[in-house]
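The block underneath contains the structure these notes are about, expressed in structure tokens.
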Amino acid sequence: MRTLKVAVIPGDGVGPEISEACQPVIEAAAAGADILLESTHLDWGGQRHLRLGAPMPEDGPSILRQFDAALFGAVGRPDVPDHQLIWGLIIRLRQELGLSVNLRPALTLPGVPGPLRGGATIDLLVVRENTEGEYAGAGGRLRSGHPGEVAVEVAIHSRSAISDAARFAFEAARRRRRRLHLVTKSNAMRFGYVLWDEVVAEVAADYPEVSWERVLVDAMAARVVQRPEELDVLLCSNLFGDILSDLTAALVGGLGMAPSANIRPGQRLGVFEPVHGSAPDIAGRGIANPSGYLLSAAMMFDHLEARAAGDQIRSALAHALEQPELRTPDLGGTATTTRLASAVLARVQAGEASRT
Ligand code: IPM
Ligand code: MG
Numbered sequence: 003m004r005t006l007k008v009a010v011i012p013g014d015g016v017g018p019e020i021s022e023a024c025q026p027v028i029e030a031a032a033a034g035a036d037i038l039l040e041s042t043h044l045d046w047g048g049q050r051h052l053r054l055g056a057p058m059p060e061d062g063p064s065i066l067r068q069f070d071a072a073l074f075g076a077v078g079r080p081d082v083p084d085h086q087l088i089w090g091l092i093i094r095l096r097q098e099l100g101l102s103v104n105l106r107p108a109l110t111l112p113g114v115p116g117p118l119r120g121g122a123t124i125d126l127l128v129v130r131e132n133t134e135g136e137y138a139g140a141g142g143r144l145r146s147g148h149p150g151e152v153a154v155e156v157a158i159h160s161r162s163a164i165s166d167a168a169r170f171a172f173e174a175a176r177r178r179r180r181r182l183h184l185v186t187k188s189n190a191m192r193f194g195y196v197l198w199d200e201v202v203a204e205v206a207a208d209y210p211e212v213s214w215e216r217v218l219v220d221a222m223a224a225r226v227v228q229r230p231e232e233l234d235v236l237l238c239s240n241l242f243g244d245i246l247s248d249l250t251a252a253l254v255g256g257l258g259m260a261p262s263a264n265i266r267p268g269q270r271l272g273v274f275e276p277v278h279g280s281a282p283d284i285a286g287r288g289i290a291n292p293s294g295y296l297l298s299a300a301m302m303f304d305h306l307e308a309r310a311a312g313d314q315i316r317s318a319l320a321h322a323l324e325q326p327e328l329r330t331p332d333l334g335g336t337a338t339t340t341r342l343a344s345a346v347l348a349r350v351q352a353g354e355a356s357r358t
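With the numbering used here as the guide, the letters of the sequence shown map in order to residues 3 to 358.
As structure tokens, then:
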């Protein structure tokens with residue numbers, strides 16, 4: 003039996019109730035794969051910010067370096083400006099831990115209908131550069147409060163970050179259906195996205211078996227809706243990946259279904275988080291969909307070479323969601339967070355998932 007040390011950061015809004023409901027599932031899946039999960043709860047987030055002036059300790063990133071992985075719930079609360087909490091926590095972690103790649107798979111599950119006519123089956127992976135672009139934090143404001151006030155937000159695109167994300171995306175495409183689309187806007191933006199086109203073409207030369215194409219982000223937004231079954235890996239800059247991954251999530255049942263992995267190629271420590279955010283409108287009501295968190299935990303296990311545990315979770319969740327009465331309200335059902343999570347737990351424990 004091996005031990006994995008996981009930092010659990012439930013955070014704000016629906017984060018804590020989801021994390022609490024899912025923890026037994028995650029432990030059971032680990033146990034089934036002969037892993038002892040040593041979880042440490044960290045109280046980082048909005049409440050800590052109100053109490054101590056920052057959502058995580060100054061040395062938060064180095065604290066996380068003592069763990070194999072971090073499982074993150076959500077950050078954000080209505081009484082603190084979003085950018086303060088987000089820059090003090092998740093964006094800081096992404097940047098200071100060098101988590102340069104964000105993986106966002108979107109997969110149709112049989113029990114979860116999407117909004118598209120004809121019910122297209124979707125299986126794609128958004129590979130998002132995770133530390134730069136419009137999120138680099140370069141900029142400032144001048145002439146505060148005056149009619150002529152200006153704000154500057156400079157996008158940064160570096161050869162190294164582009165090539166890291168590209169290499170990761172081509173590797174993923176090679177293991178998947180060998181098709182990759184690079185999403186940029188190099189017709190209107192003459193510098194950053196032209197660099198993307200050039201660097202990705204260089205990387206692509208090492209992967210002749212993967213067919214790839216450049217598509218402008220506006221055209222891709224239409225294509226994701228009109229012909230999603232033709233897509234496999236979408237390689238995106240930070241902002242475009244943020245936007246398109248909400249769209250791809252919507253196509254497979256909504257943000258409640260979407261997992262993500264913040265990783266650095268070649269590094270063990272990653273931060274795994276559902277895409278849905280803190281959802282203050284439904285927080286505390288026990289009805290948030292735990293699927294995104296469970297699927298993020300599954301991605302964590304995959305990343306830590308414990309794929310059997312990840313497969314257990316994915317399979318148990320997929321089977322549970324085939325039953326309408328186990329679907330949460332965002333999926334058109336009436337199940338609570340714990341009802342769905344407990345049903346997944348029962349399947350993991352019964353080992354049913356592995357037999358079917
Ligand atoms: C996401 C979120 C974040 C992002 C926010 C909370 C900063 O929307 O993970 O997609 O834009 O990256
Ligand atoms: Mg987003």
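Think of the CB as a built atom: it goes at the ideal place given N, C-alpha and C, for glycine as much as any other residue. From a predicted model like this one, the values you see are computed outputs, not experimental measurements.
- Remark: C-beta atoms of V205 and S165 approach each other more closely than 7 Å.
- Shortest gap from the CB of D14 to any heavy atom of ligand 2: 6 Å or more.
- Distance between R309 and A35, taken at the CA atoms: about 9 Å.
- Burial state of H321 is buried, judged by a 10 Å Cβ sphere holding 16 or more other Cβ atoms.
- By the beta-carbon neighbour count (other beta carbons within 10 angstroms, threshold 16), G142 is exposed.
- Comparing alpha-carbon positions, the option among I20, G294, I11 lying closest to S247 turns out to be G294.
- Counting only residues whose CB is nearer than 5 Å to a non-hydrogen atom of ligand 1, the list in chain order is I88, D244.
- F303 is positioned such that its CB atom lies no closer than 7 Å to that of A290.
- Counting of Cβ neighbours within 10 angstroms places P230 among the buried residues, the total reaching 16 or more.
- L323 places its beta carbon 7 Å or farther from that of V16.
- In the DSSP annotation of this structure, the continuous segment of the beta strand (DSSP E) that includes S41 starts and ends at 37-43.
- Here V154 is bridged, per DSSP, to G142.
- With at least 16 other beta carbons inside 10 angstroms of its own, S298 counts as buried.
- The beta carbon of I124 sits closer than 6 Å to the beta carbons of A108, T110, P230, L253, V254 from its chain, once the five residues preceding and following it are set aside; these are given in chain order.
- I65 and G48 have their C-alpha atoms spaced approximately 18 Å apart.
- Closest in alpha carbon position to Q269, among P26, Q68, L101, I11, is L101.
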